[in-house]
Amino acid sequence: MSNGVITSDFTLAGHAGTIVGTSWRLERPRWIAVLVHGYGEHVGRYGWVAARLNEAGASVYAADHAGHGRSDGERVLIRDFEPVVEDVDRVLDHALEQDPGLPVALIGHSMGGMIAARSTQRFGARLAATVLTGPVLGRWETIEELLALPSIPHTPIDPDTLSRDPEVGAAYAADPLVWHGDFKRPTLQAFHDEMQRITIVGHVGRSPLLHLHGEDDRLVPLETSAAGLAKIAGTATESRTYPGARHEILNEINRGEVMADVLAFLARYLPVETGGRRGA
Numbered sequence: 001m002s003n004g005v006i007t008s009d010f011t012l013a014g015h016a017g018t019i020v021g022t023s024w025r026l027e028r029p030r031w032i033a034v035l036v037h038g039y040g041e042h043v044g045r046y047g048w049v050a051a052r053l054n055e056a057g058a059s060v061y062a063a064d065h066a067g068h069g070r071s072d073g074e075r076v077l078i079r080d081f082e083p084v085v086e087d088v089d090r091v092l093d094h095a096l097e098q099d100p101g102l103p104v105a106l107i108g109h110s111m112g113g114m115i116a117a118r119s120t121q122r123f124g125a126r127l128a129a130t131v132l133t134g135p136v137l138g139r140w141e142t143i144e145e146l147l148a149l150p151s152i153p154h155t156p157i158d159p160d161t162l163s164r165d166p167e168v169g170a171a172y173a174a175d176p177l178v179w180h181g182d183f184k185r186p187t188l189q190a191f192h193d194e195m196q197r198i199t200i201v202g203h204v205g206r207s208p209l210l211h212l213h214g215e216d217d218r219l220v221p222l223e224t225s226a227a228g229l230a231k232i233a234g235t236a237t238e239s240r241t242y243p244g245a246r247h248e249i250l251n252e253i254n255r256g257e258v259m260a261d262v263l264a265f266l267a268r269y270l271p272v273e274t275g276g277r278r279g280a
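So that you can map any letter, position 174 of the sequence shown is 174 in UniProt numbering, and since no number is skipped, the others follow by simple counting.
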């Protein structure tokens, strides 16, 4: 424990076995942030994000998805994203058991942005606001191209697509909890099906939702994500993009600016302490 932050791990019964998470709890939080990580990664990569959210008055909770990080399940195998969305709702239940009565923000990145968007469609009444960073929405041409092939070729994520900060890519490449192998066909099909489902269900109504995206995102291109966002945008949906930024905008060289924008948006719906800080 330091500066009133208590960091600990937790486990929950998920749809495919045990899911393992981390909480960064404050002694006297004013709100809750639930982080939803992306494909092939894990919540341990979000330490600095959690620290900044702690400074803004939030207790933070996050869990590795099934087949990711320290959680059970065959690596990166997801046959249907709806049970994963329900796992995230279990994390929300856990957070509210630990810090009852507080408003909740959901913050999802990439695949986690897709999951967070669907969570907002399904469970938006439980959320004060949602933030999507580089979300997989609408359609992802990479998936369509791979599904059309008779066999999936070698498809590891290129660390250089993540950030202009070379240390981010180097740390990602050296991380043993990150998946460095190929996509699996059932997971690709599940991505495709979930994006279609989100588009069909449509707008998130009055649920506050912020979409943030790097303009030089070569992994999840801005254009298709923005088109997908347009299908679900509600009356309190906002969007901002960052010139030159790549996929992981919360790990980009302008990460302080991005986080300041996140907190400024959330401050309209939650008791956020923004502090006027824009540095990393």
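Glycine included, every Cβ here is placed at the ideal spot set by N, Cα and C. Fair warning: this is a prediction, and the values are worked out from it, not measured in the lab.
Note on the region 202 to 244: whole alpha helix (DSSP H) runs with a minimum of 4 residues are 222 to 232, in chain order.
Beyond the five residues adjoining it in sequence on each side, residue 172 comes within less than 7 Å, by CB distance, of 159, 162 and 178 in the same chain, given in chain order.
Within the same chain, 212 and 261 come within 7 Å of residue 240 by CB-CB distance, once the 5 residues on both sides are set aside. In the assembly as shown, residue 170 is an exposed residue. Its beta-carbon has fewer than 16 other beta-carbons within 10 Å. In the same chain as residue 80, and ignoring 5 residues on each side of it, the C-beta atoms closer than 7 Å to its own belong to 190, in chain order.
118 is the residue among 118, 176, 272 and 114 whose C-alpha sits nearest the C-alpha of residue 201.
For residue 23, the enclosing beta strand (DSSP E) covers residues 17 to 26. Fewer than three beta-carbon pairs drawn from the region 130 to 145 and the region 43 to 52 are found closer than 8 Å, and the two stretches are therefore not classed as touching.
Excluding five sequence positions before and after residue 17, the CB atoms of its chain that fall closer than 8 Å to its own CB belong to 66, 71, 72 and 73, given in chain order.
Contact annotation, residue 198 with residue 121: C-beta distance approximately 7 Å; criterion of less than 8 Å satisfied. Taking 8 Å as the cut-off, the beta carbon of residue 251 is found no closer than this to the beta carbon of residue 175.
Residue 154 counts as exposed, since fewer than 16 other beta carbons sit within 10 angstroms of its beta carbon.
Rounded to whole angstroms, residue 53 and residue 150 show a C-alpha spacing of 44 Å.
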